Amino acid sequence: MNNSKVLVPPIKCQGIKTKIVPFIKEKLEWDGAGIWIEPFVGTGVVAFNIAPQRAYLCDKNQYIIALYQGIQNGTITSHIVREFLEFHGEKLRQQGAVYYKEMRDKFNENGDPLHFLFLNRSDFNGMIRFNRHGKFNVPFCQKPNR
Numbered sequence: 082m083n084n085s086k087v088l089v090p091p092i093k094c095q096g097i098k099t100k101i102v103p104f105i106k107e108k109l110e111w112d113g114a115g116i117w118i119e120p121f122v123g124t125g126v127v128a129f130n131i132a133p134q135r136a137y138l139c140d141k142n143q144y145i146i147a148l149y150q151g152i153q154n155g156t157i158t159s160h161i162v163r164e165f166l167e168f169h170g171e172k173l174r175q176q177g178a179v180y181y182k183e184m185r186d187k188f189n190e191n192g193d194p195l196h197f198l199f200l201n202r203s204d205f206n207g208m209i210r211f212n213r214h215g216k217f218n219v220p221f222c223q224k225p226n227r
């Protein structure tokens with residue numbers, strides 16, 4: 082387990098452990114044998130920095146799982162993400178909250194992982210929250226350049 086640079090995941094959420102990864106790695110007593118299991122992977126920052134050979138990364142949030150499955154199977158690449166975020170980021174810069182709400186509505190219709198990533202990058206403080214009907218309902222962060 083290399084303790085140098087911390088790998089930062091593509092999404093953020095409340096309680097992300099990026100800043101304490103070095104502490105976790107320092108305190109971890111594991112020889113790398115067996116299977117690493119995370120029932121609540123969240124952003125995945127701990128698992129990605131531990132980098133186990135075998136792991137079960139689970140979460141109840143189907144959109145986080147869909148994003149990481151897309152990355153794993155190659156349907157979501159850094160090139161695809163960059164193009165998507167640059168295109169929609171420019172529209173967000175121009176239209177602000179109106180465009181954010183349009184994208185949030187589209188996500189609530191299609192559940193697309195790239196829309197989820199866009200919302201996570203442009204919503205209030207990277208929050209991930211759904212109402213009782215399962216609709217993403219975090220407001221715009223009011224920072225179009227984000």
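What the sequence shown shows, in the working numbering, is residues 82 to 227, in sequence order.
Virtual Cβ for every residue (Gly too), placed ideally from N, Cα, C.
Remember, predicted model here, so these are calculated numbers, not experimental data.
The segment 157-168 / the segment 192-209 touching (three or more Cβ pairs under 8 angstroms): yes
Validate contact between the segment 177-187 and the segment 125-134 using beta carbons, cut 8 angstroms, 3 pairs: no
Alpha-carbon spacing of A147 relative to E107, whole angstroms: 31 angstroms
Whole-Å CB distance - P103 paired with V87, under 8 angstroms assumed: 7 angstroms
R93 and N218 closer than 8 angstroms at C-beta: First, the amino acid is wrong: residue 93 is Lys here, not Arg. No, the pair does not count as a contact, with Cβ atoms beyond the cut-off.
Per-residue burial, T124 [other beta carbons within 10 Å of its own, 16 or more giving buried]: buried
Helix, strand or coil at F26 [DSSP, three-state]: Any question about residue 26 goes unanswered here, given that the chain covers just 82 to 227.
Closest by C-alpha distance to G170, when choosing among I157, T158 and M184: M184
Check whether G151 and Q134 have beta carbons under 8 angstroms apart: no
Three-state secondary structure (DSSP) of E167: helix
Residue range of the alpha helix (DSSP H) that includes I152: Q143 to N154
Q175 versus Y149: straight-line alpha-carbon distance, rounded: 30 angstroms
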